[in-house]
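Since the structure comes first, as structure tokens, the remarks are kept for the end.
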Amino acid sequence: MENSNRSHFWPSYVDLMTSLFVIMLVLFVLSYLNFNRIETELRANAEQMARIRQIDSALKKLDRRYFRLDPVNNRYQLMIDVNFAPNSADIATLRPDQLRQLREAGQALFGKMRQLAKDPNINYILVVEGHAEIVLWHGIPNSKLDPNRGYQLSYSRALALKNFWQQNGYGFNGLHNCEILIVGSGYFGKSRDKVEHNNRRFTIQIAPKFKI
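Residue numbers (the UniProt record's numbering): 1 to 212.
Below, the structure is given as structure tokens:
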């Protein structure tokens with residue numbers, strides 16, 4: 001009887017150890033594959049961060065006569081006062097010196113974007129954002145009287161700037177990995193200046209999109 005029990009014990013023991021070995025092997029393979037995946041992701045993230053730093057460094061070299069970095073919102077303000085006629089988005093009504101400055105700013109920005117576009121692994125979103133100045137109308141801010149008008153007007157002015165640059169040979173859509181977005185934030189944009197007069201300016205934002 002004792003010999004019979006022993007004879008059953010050893011096959012059962014061998015089966016148990018074999019099962020444990022298989023389980024440990026599977027867990028080891030899964031852990032190894034998971035570790036490789038995490039390592040690959042970390043390496044990719046590190047490469048992307050390095051590229052982002054390179055892009056930020058390149059953008060900081062934009063002509064400071066025309067561009068100023070807003071460190072809070074990480075956007076560039078176009079430091080040119082644009083005196084559109086009230087309720088108008090006709091860029092042709094601007095003074096000749098303002099048009100010249102806008103043209104030179106477009107040239108500087110286009111040159112920088114063309115330089116960045118040489119990296120085929122990165123796409124870019126270029127955001128041209130228009131703003132609108134809050135003024136009083138019979139003692140009431142226009143932002144309360146007609147807030148939607150601010151969105152319409154600021155968008156139309158940003159579109160006018162984009163078209164102005166394109167007409168002068170700076171067509172950002174022509175860059176194969178640059179997507180341009182026209183935005184109008186009206187009276188409520190994040191990059192608003194405390195001095196309302198300065199809110200007639202434009203904001204430029206450049207964001208990289210990495211190809212996966």
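Every residue, glycine too, gets a C-beta built ideally from N, C-alpha and C.
Small disclaimer: the values here were computed from a predicted structure and weren't measured.
| Query | Result |
| --- | --- |
| Cβ atoms of alanine 160 and glycine 184: under 8 Å apart, would you say? | no |
| Is lysine 209 helix, strand or coil by DSSP? | strand |
| Does the beta-carbon of glutamate 2 have 16 or more other beta-carbons within 10 angstroms, so that it is buried, or is it exposed? | Low local confidence applies: a pLDDT of 48 at glutamate 2 is under 50, so the model's placement there is unreliable, with the coordinate-based value given in what follows. Result: exposed. |
| With respect to the beta strand (DSSP E) encompassing asparagine 123, which residues constitute its N-terminal and C-terminal limits? | 122 to 130 |
| Please list, in chain order, all residues of the same chain as aspartate 193 whose beta carbon is under 6 Å from its beta carbon, the five residues on each side excluded. | Asn199 |
| Using a 10 Å radius around the Cβ and a threshold of 16 neighbouring Cβ atoms, would you call lysine 61 buried or exposed? | exposed |
| According to DSSP, simplified to helix, strand and coil, what is proline 141? | strand |
| Measure the CB-CB distance between valine 128 and isoleucine 38 and report whether it falls below 8 Å. | no |
| Among Gly111, Asn83, Thr18, Val135, whose alpha-carbon lies nearest the alpha-carbon of proline 96? | Asn83 |
| Near aspartate 63, what residues of its chain come up, given a Cβ to Cβ distance below 6 Å and the 5 sequence neighbours on each side ignored? | Ala108 |
| Can you list the beta strand (DSSP E) stretches of 3 or more residues lying completely in the segment 66 to 128, in chain order? | 67 to 70, 75 to 78 |
| Express the C-alpha separation of proline 147 and tyrosine 187 in angstroms, rounding to a whole number. | 7 Å |
| Between which two residues does the beta strand (DSSP E) containing glycine 184 stretch? | 178 to 184 |
| Could you tell me whether the Cβ atoms of serine 156 and alanine 132 are closer together than 8 Å? | no |
| Exposed or buried, what is tryptophan 137 when buried is set at 16 or more other beta-carbons lying within 10 Å of its beta-carbon? | exposed |
| Going by DSSP, what residue range makes up the alpha helix (DSSP H) through arginine 200? | Neither: arginine 200 is in no alpha helix (DSSP H) and is coded neither H nor E. |
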